[in-house]
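J.: Read left to right, the sequence shown gives residues 1 to 134 (my numbering). Take this structure first; my questions come after.
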Amino acid sequence: MDDWLDRALGIAQESFVAGSGPGGQNVNKVATAVQLRVDLYRLGLPYPLFHRLKALAGRRVNAKGELVIDARRHRTQEANRADARDRLAALLEEAAREPRKRARVRVNRVAKEQRIRGKKLRGTIKADRGRVDW
């Protein structure tokens with residue numbers, strides 16, 4: 001796992017932009033917000049891991065295949081930089097976890113009959129709600 005994170009941080013590009021939010025007078029002078037960009041294709045992730053990461057990232061992946069993490073919670077560049085790296089690590093960790101296989105459940109005959117009986121009952125109730133024929 002650390003291996004993927006090291007590789008991601010190695011190819012990541014950081015850019016500092018003017019941050020909104022807290023910062024007092026500094027907010028207009030110092031570029032404290034961090035944009036961390038990681039090219040997912042250059043990471044060389046295994047196919048399933050790549051797709052889980054892409055699904056987890058959602059709108060944070062742009063058309064070029066870059067994962068863009070925008071960190072602007074803190075007042076300092078260093079704190080935002082650490083925040084962006086932590087969020088990247090958390091995303092990679094979550095993607096590395098394989099989803100558990102769903103165990104198939106065998107429904108017994110009685111339960112199946114009860115379910116069908118319930119469906120029939122709901123169907124007759126709904127059918128009776130129809131147009132009244134005088």
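Just so it is clear, CB atoms sit at the ideal spot from N, CA and C, and this is done for glycine as well. Values in this document were obtained by computation on a predicted structure and should not be read as measured data.
Taking 8 Å as the cut-off, does the stretch 101-111 touch the stretch 49-66 (at least 3 CB pairs, one atom from each stretch)?
T.: The answer is no - the stretch 101-111 does not touch the stretch 49-66, with fewer than three Cβ pairs under 8 Å.
J.: In the structure shown, what three-state DSSP assignment does E94 receive?
T.: Residue numbering aside, residue 94 sits at position 94 when the sequence shown is read from its first letter. If DSSP states are grouped into helix, strand and coil, E94 belongs with the helices.
J.: DSSP three-state call for R72: helix, strand or coil?
T.: Taking the sequence shown and counting its residues from 1, the one referred to as residue 72 is at position 72. If DSSP states are grouped into helix, strand and coil, R72 belongs with coil.
J.: With three or more beta-carbon pairs closer than 8 Å as the criterion, would you say the stretch 29-38 touches the stretch 67-76?
T.: Yes, they touch.
J.: My output table needs one value for V61: the three-state DSSP class, helix, strand or coil.
T.: Residue mapping note: residue 61 aligns to position 61 of the sequence shown, counting from 1. Residue state, collapsed to three classes: strand.
J.: Using the C-alpha atoms, what's the distance from R97 back to Q77?
T.: Indexing the sequence shown from 1 puts residue 77 at position 77. Indexing the sequence shown from 1 puts residue 97 at position 97. Distance between the alpha carbons of Q77 and R97 is about 31 Å.
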